[in-house]
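Novice: All residue numbers in the sequence shown are consecutive under numbering that gives the first Met the number 0, ending with 528.
Note that beta-carbon positions come from the ideal geometry of N, C-alpha and C, so glycine has one too.
I have a structure here, written as structure tokens, and I will follow up with some questions on it.
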Amino acid sequence: MSQAFASAAAEESRQQWLEAHERFGEDLRRRLGRAATPEWAEAVAEEEPLPLDERLVQAIWNDQLLRADELRTASGKRLEVIEPGRWNTSRGPDFLGGRVRILGQDEPGDVEIHIRSADWRNHGHHQDFEYNNVVLHVSLHASDDRPFDEKQNGARLERLILEPFLEPDLDTIRRTLNPDDYPYGRPAEEGLCARQFLALKETDARAFLRSAGRARIEDKIARFHAQLASSDPLQLLYQSLMVGQGFKSNKTLYFLLSKRAPLREMMDYAQDVAPHERPDLYLSILLNVAQLIPPGADLLPETDPETAALRERLGRHWRLVRGYYADRLLPPTKRWYAGMRPPGFPGRRLAAMSILLGRLADPDAPLFEVFANRLERLPLDLDAKGWKAFFAEWTEQLTVDAPDHYFATHFTIGGKPAKPQALLGEPAAKSNFFNVLLPLAVLKARVERRRDLEKRAWMAIQTYPALTANSVTKFMKKRLFAESGRDQAFFRTELMQQALFKVFQDCCAHNERTCEDCTFLCPPYRPPG
């Protein structure tokens, strides 16, 4: 399957984005008189580029995805993180007001984050008085062998290299943690490129954004394709939907759970139970492997009948299969609930998945196969009303509204009943449709050489209405279009909103504070990957 993937369309999208970036950058450098490579880039120009960005490392620190009891500084001192600090979206150190304990000594202050340990000096922080309050320099990798750094005031600064202490591993974090989920500040002023965007003809601005949006979708497709090397298409769909259930850092837990409880294995066990019981079997496996069922709650005299009945059903299914999962249980962790409001608690999320898995695994009408076949047969001249109806139909297929389910009225097992809520609502279903089903449809079309399917999948991608704006899209509209209001003409479809993520990633280098890392000003540009 992997060899069959080569796609002229993917390479064409990449080339169009490369050319659009270079044309715009050339004009911007000419307007600003900034043809030379900025000084800040020269310090790291000779270093091997890493396929990571600093914002991912900041997110790891923010959520403390670390084995806390093992932490040691680069000089070998025992380190405890009492408070990572608050994420700084303005100039200065990355986290303000943190507190660490080194060899039992409390050290309140700021924390600076980098990918490489050498970046403290490369970025000039050793000569900047604004960084004199930093108490810990954190980097993902050790790119030199210095045990300490120095501050502008001459004080010695301890280092922490994250790579040896990551929990889970870096590959899992990179696959699941989305840096776009984390805080963004408001631009202090318009971006250096804003006036040029405002001066572009609408057709030229639209073409630039369309090429960026398409390149962003190709990035998603390429990531899915890479994952096919270690999973079959059904498992890939399941993993992707599972990750979508998570919030920020606990996405990694949903991903790990999908690997510990593979879908085809659960489907094999489901053959031994009646079809109407299969969602309970899936839920029992997922909750138990995640260690999310409180022990002994059903033995308490005050346990309500509804909770007791749920525990009995889940327990009955688990007793039949637990021997197969005994060595695959995830370690208990409070991260399942970190940053979550009760409607997003893991019991409800996994209950939704257990029902959705029944649709994915339906032997008579597997959801994704039915979707791909329906999409492939759509008429090429389908009008806006027809697309709207198609999108609504499949949003409903991905929505899980089960008012009689235990978790429709409970946030946790044994918790107080609440007003019924959909287990997986329309906003999440729309996101899964655009970010999972449509890119996977393009991938399927390329692997199976189904040109009609690929053509219609791209038509759907280009037509799909904009999803709810988030902090990144709001931020980038301000950076690119200032307060002009001109952005309102461009972002009615989700493909165009995806362009904002691509521009922020490739052109701004995920730097929301300043335009120092602008790749328009630093030729030659090569897109990540």
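Could you give the DSSP three-state label for histidine 316: helix, strand or coil?
Specialist: Histidine 316: helix per DSSP, three-state reduction.
Novice: To the nearest angstrom, report how far apart arginine 90 and glutamate 511 are at their CA atoms.
Specialist: Computed Cα separation, rounded: 10 Å.
Novice: Apart from the five residues on each side of it in sequence, which residues of its chain come closer than 6 Å, Cβ to Cβ, to glycine 245?
Specialist: Answer for glycine 245: Tyr253, listed in chain order.
Novice: Any idea what DSSP makes of glycine 97, helix, strand or coil?
Specialist: Residue state, collapsed to three classes: strand.
Novice: Throw me the rounded Cβ distance for the glycine 190 and alanine 498 pair, which I believe falls under 8 Å.
Specialist: Their Cβ separation, rounded to whole angstroms, is 15 Å, which puts glycine 190 and alanine 498 out of contact at 8 Å.
Novice: So, using beta-carbon positions, are tyrosine 563 and serine 353 closer together than 8 Å?
Specialist: Residue 563 falls outside the range modelled here, since the chain spans only 0 to 528, and no answer is possible.
Novice: Could you name each continuous beta strand (DSSP E) segment of 3 residues or more that falls completely within the segment 145-189, going from the start of the chain to the end?
Specialist: Counting only runs of 3 or more, we get 147-149, 155-160.
Novice: Look at the Cβ atom of leucine 423, then the Cβ atom of threonine 398, and state whether they are nearer than 8 Å.
Specialist: In this structure, threonine 398 lies closer than 8 Å to leucine 423 by Cβ.
Novice: Does the Cβ-Cβ distance between serine 283 and tryptophan 335 come in under 8 Å?
Specialist: Cβ distance not < 8 Å, so serine 283 and tryptophan 335 don't count as in contact.
Novice: So, at 6 Å on beta carbons, what are the nonlocal neighbours of glutamine 57 in its own chain, with the 5 sequence-adjacent residues on each side left out?
Specialist: So the qualifying residues of the chain are Asp93, Ile112.
Novice: If you follow the alpha helix (DSSP H) that leucine 291 is in, where does it begin and where does it stop?
Specialist: Here leucine 291 belongs to no alpha helix (DSSP H), and DSSP marks it neither H nor E.
Novice: Out of Ala204, Lys258, Arg120, Arg194, which one is the CA nearest neighbour of alanine 19?
Specialist: Per the Cα distances, Ala204.
Novice: For alanine 308 and cysteine 506, what's the separation of their Cα atoms in angstroms?
Specialist: Roughly 55 Å separates the two Cα atoms.
Novice: Do you know offhand how far lysine 429's Cα is from proline 342's?
Specialist: Cα-Cα distance, rounded: 18 Å.
Novice: Name the residue from Tyr130, Gln270, His404, Gln290 whose alpha carbon lies nearest to the alpha carbon of alanine 325.
Specialist: Nearest of Tyr130, Gln270, His404, Gln290 to alanine 325, Cα basis: Gln290.
Novice: Out of Asp105, Ile216, Gln461, point me to the one whose CA is closest to leucine 439's CA.
Specialist: Of Asp105, Ile216, Gln461, the residue nearest in Cα terms is Ile216.
Novice: Closer than 8 Å is the cut-off here; do at least three beta carbon pairs connect the segment 141-151 with the segment 164-177?
Specialist: Counting Cβ pairs under 8 Å, fewer than three are found: no touch.
Novice: Tell me where the alpha helix (DSSP H) around proline 345 begins and ends.
Specialist: 345-359 is the span of the alpha helix (DSSP H), which, as asked, contains proline 345.
Novice: Taking proline 278 as the reference, give the member of Phe223, Gly322, Leu359 with the closest Cα.
Specialist: Ranking Phe223, Gly322, Leu359 by Cα distance to proline 278 puts Leu359 first.
Novice: Taking Cβ to Cβ, would you say leucine 156 is nearer than 8 Å to leucine 70?
Specialist: Result no, Cβ atoms of leucine 156 and leucine 70 do not sit closer than 8 Å.
Novice: Buried or exposed: which applies to proline 37, given that a residue is buried once 16 or more other Cβ atoms fall within 10 Å of its Cβ?
Specialist: Low confidence applies to proline 37: its pLDDT is 42, below 50, so where it sits in the model is not reliable, and the reading given next is rough at best. When all chains shown are included, proline 37 counts as exposed.
Novice: In angstroms with no decimal places, state the Cα-to-Cα distance between methionine 495 and phenylalanine 503.
Specialist: Answer to the nearest angstrom: the Cα atoms are 13 Å apart.
Novice: What residue range is occupied by the uninterrupted alpha helix (DSSP H) comprising arginine 54?
Specialist: Arginine 54 -> alpha helix (DSSP H) spans 53-62.
Novice: Using a 10 Å radius around the Cβ and a threshold of 16 neighbouring Cβ atoms, would you call isoleucine 81 buried or exposed?
Specialist: Answer is exposed; the Cβ neighbour count stays below 16.
Novice: Which residues in the same chain have their Cβ closer than 8 Å to the Cβ of alanine 67, if we skip the five residues on either side of it in sequence?
Specialist: The residues are Glu79, Val80.
Novice: Should valine 529 and glycine 108 be called a contact, given that it needs their Cβ atoms to be closer than 8 Å?
Specialist: The chain is shown from 0 up to 528; residue 529 falls before or after that span and cannot be answered.
Novice: In terms of residues, what are the limits of the alpha helix (DSSP H) holding proline 438?
Specialist: Its alpha helix (DSSP H) spans residues 437-446.
Novice: Within 8 Å of any Cβ in chain D, is that where the Cβ of leucine 159 sits?
Specialist: Structure shown: chain D not included; a single protein chain is present.
Novice: Mind checking alanine 9: buried by the 16 CB within 10 Å criterion, or exposed?
Specialist: Per the 10 Å Cβ criterion, buried.
Novice: Considering only the beta carbon of each residue, do glutamate 368 and arginine 449 sit closer than 8 Å?
Specialist: No, these two residues do not count as a Cβ contact at 8 Å.
Novice: Could you pull out every residue in the same chain whose Cβ sits closer than 8 Å to the Cβ of glutamate 162, ignoring the five residues on either side in sequence?
Specialist: Excluding sequence neighbours, glutamate 162 sits near Leu139, His140, Ala141, Leu169.
Novice: Taking 7 Å as the limit between beta carbons, can you name the residues of its chain near arginine 485, skipping five residues before and five after?
Specialist: If we look at arginine 485 and ignore the five residues flanking it on each side, its Cβ neighbours are Leu197.
Novice: Check each candidate in Phe410, Pro402, Trp386 and name the one with the smallest Cα separation from arginine 340.
Specialist: Ranking Phe410, Pro402, Trp386 by Cα distance to arginine 340 puts Phe410 first.
Novice: Closer than 7 Å by C-beta to valine 99: which residues in its own chain qualify, once you throw out the five before and the five after it? Chain order, please.
Specialist: Here the set comprises Leu78, Glu79, Val80, Ile81, Glu106, Val134, Leu135.
Novice: Quick one: Cα of histidine 124 to Cα of asparagine 177, how far?
Specialist: Approximately 27 Å, taken between the alpha carbons.
Novice: Need the endpoints of the beta strand (DSSP E) that leucine 256 sits in, please.
Specialist: Element bounds for leucine 256: not the beta strand (DSSP E) but the alpha helix (DSSP H), 250-259.
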